[in-house]
Amino acid sequence: MENLSKITSNQQVDNMVLKSSVVAPIIYRNRPIIACLCGRFFGLWNRFNFIIKDRDQTMHFKSQSIDVQVHDMIATINISQVFLNELQEAVEATYEFPTDPDVVVSRLVIEMDDRVIEGKIIEKEKAQEKYDDAIAGGNAAVLVKEKDQNKDLLQMTIGGINSQQEVKVNIQMIKHLQIEAGAYCLRIPTSYFIKSYNDIKLVQDFTANKAKFSTKYSFTINVETSNPIKYLSIPSHSDIVKKSENSSMSYTISQLDGSPKLLKKDIVVYFRTSKMDHPTLIAQVHPERKDEIACLMSIVPTFIPPQSQEETEIVVDKRPDEVDISFPKSDENRMVFIFIVDRSGSMIGNKMEMTLKALRLFIKSLPPNARFEIISFGTKYYGISKDRQGFINNDDNFNKINVAIAKMSADLGGTNIHDPLEYAITKLFVKVTPNQIEEQKIRDIHTLMKSPIEPIDQELIRKIFLLTDGAVNDPAAVLNLASQNQQNTQIHTFGIGNDCSKYLVKQLARAGRGSYSFVEEGDNLNAKI
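Last residue of the sequence shown: number 529 in UniProt numbering, and the count goes up by one each step with no gaps.
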């Protein structure tokens, strides 16, 4: 098992912040090696690929393997990829790969012929100073850091790649598994896989020349647990993976024939163990400083005691059932539900269809007579109710809301989450006086009939549900807004589509004391909502 001192995102060791640190400069005989900067996604098909500078093409992709070792709630992901410079000249190329808040990049190794370059983790400012000194001295160096405006991506630039030279990239990541429906969930995103080079999708290459591309992909997932595995499921990929039981506490899942079918959906593995509902503490001594110990505590809350299960259940194509949670009646009466729906241009197509379907299910699942509002946004935002008091959940309003939802489309331009979120927190369901109620009666009796405008004696509990692909320019402002309004506001986020911003979806839910979930094509929305 990997050293747990690499796992915690906020642990400080010798003034080194692991999660926010950068890889130190590496100088090799005054020759260009690597320079790494953060950047943004510049195309769905270009992730995990080398783009040649000043050319509209990528380096030739030769092969890729992904090896995942899971031990209880910790996964070590090793990705190895090989590229070739087919041009008749030396080139500089840019390499990008995604990350998210639950992943720590623990090792980065570049192999170029007989040269092996391994990154080191040191404090940010010191790394920047060494990097600047190396560049000023005519050397090249390694510098890897997150970009403040986009923490979903790391970017690396390699110079001096000679003609016909291979470049092998080895990345190791440590991931703390999330709990979904009372099961550990391992998710390998499709963005980890090379999808194209030179504007040619690898699916097409594989179909045209199966022999040449038969070894392009391979992956292996080994799941080992401290207690017997009682439930294991691989939704949507059961037809192309092999599962082998090594023992009651060890399973291997693999796919080694190079099939490009994997590119369609994330690889998701769910598993439960016989004692995963028991508190677990894992401790490991630092390999060099023996007086330092890294500890990880895992507590999985159970609202309904699980039934005893003697036999192991291997499910072919099913996600674990969700667990319902009942709120105290006193709190339920104070709750208002606010749905914020992304209608920016990036939501066009299947994303918008999934979003509207999810929204209908949300409204249908509300308690009778609950108060709710829907805000849709893009560059600007629009609330459905005109008096900022929302609607009462009844049959009449349910039918009217469904008509309004049917008219929604991805036609509102850019993605500005901050303003509609601020509106939901500070402007909706505000307290009103009896005089204001009388004025409202006179002004618009029809509006009053459908809106729960009334004096509020108790502070409301706002349950906000955000449905978005999360692509925003300034996530820090959104996170600050959520963290500053935690007392009576809870924000739940739903990331729509495979390419949503996992950083924003996860971090906003954490800042808002809520939960997050990801909705992909083909998912069972009833289980998510």
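Glycine included, C-beta positions come from ideal geometry on N, C-alpha and C.
- With contacts defined as CB atoms closer than 8 angstroms, Gln-490 and Gly-514 qualify as a contacting pair.
- Look at Asn-498 here: in three-state DSSP terms it is coil, with no helix or strand label.
- Between Val-300 and Ile-74, the alpha-carbon positions lie close to 14 angstroms from each other.
- With distances taken between CA atoms, Gln-284 lies nearest to Ile-293 out of Thr-58, His-278 and Ile-293.
- Between the C-alpha atoms of Gly-182 and Pro-367 there is a straight-line separation of about 24 angstroms.
- Taken through DSSP and simplified to helix, strand or coil, Ala-294 comes out as strand.
- One Cα belongs to Ser-191, the other to Pro-98, and the distance between them is close to 7 angstroms.
- The DSSP-derived three-state label of Pro-368 is coil.
- Three or more pairs of CB atoms, one per stretch, sit closer than 8 angstroms, so the region 103–113 contacts the region 165–175.
- Using a Cβ distance threshold of 8 angstroms, Ile-417 and Asn-485 do not count as a contacting pair.
- Under the three-state reduction of DSSP, Gly-470 is assigned to coil, being neither helix nor strand.
- Considering only Phe-391, Gln-255, Ile-121 and Leu-479, the residue with the shortest C-alpha distance to Ala-509 is Leu-479.
- By the Cβ rule, the region 462–477 counts as touching the region 401–421, because three or more pairs are nearer than 8 angstroms.
- Counting along the chain, Asn-170 sits inside the beta strand (DSSP E) bounded by residues 166–176.
- A Cβ-Cβ contact shorter than 8 angstroms links Phe-339 with Ile-374.
- Contact annotation, Ser-274 with Pro-228: C-beta distance approximately 5 angstroms; criterion of less than 8 angstroms satisfied.
- Shown here, Leu-153 sits in a strand according to DSSP, grouped into three states.
- Between Asp-395 and the set Gly-378, Ile-363 and Asp-387, the nearest pair of CA atoms involves Ile-363.
- When secondary structure is reduced to three states using DSSP, Glu-89 falls in the coil class, being assigned neither helix nor strand.
- Our two residues, Ser-346 and Ile-51, have alpha carbons roughly 24 angstroms apart in a direct line.
- Around the beta carbon of Arg-343, a 10 Å sphere encloses 16 or more other beta carbons of the protein chains shown; the residue is thus reported as buried.
- Glu-288 sits in coil when the DSSP states are folded into three classes, being neither helix nor strand.
- A distance below 8 angstroms separates the beta carbons of Met-352 and Ala-410.
- Between Glu-92 and Lys-120, the CB-CB gap reaches or exceeds 8 angstroms.
- Contact between Phe-219 and Gln-255 holds: their C-beta atoms lie close to 6 angstroms from each other, under 8 angstroms.
- Glu-96 places its beta carbon 8 angstroms or farther from that of His-60.
- Of Arg-388, Ala-90, Arg-187 and Tyr-382, the smallest CA-CA separation from Asp-100 is found for Arg-187.
- For Tyr-423, the uninterrupted alpha helix (DSSP H) segment begins and ends at 418–426.
- For the set Met-408, Asp-419, Val-68 and Asp-56, the Cα lying nearest the Cα of Glu-224 is the one of Val-68.
- Collapsing the DSSP output to three states places Gln-128 in a helix.
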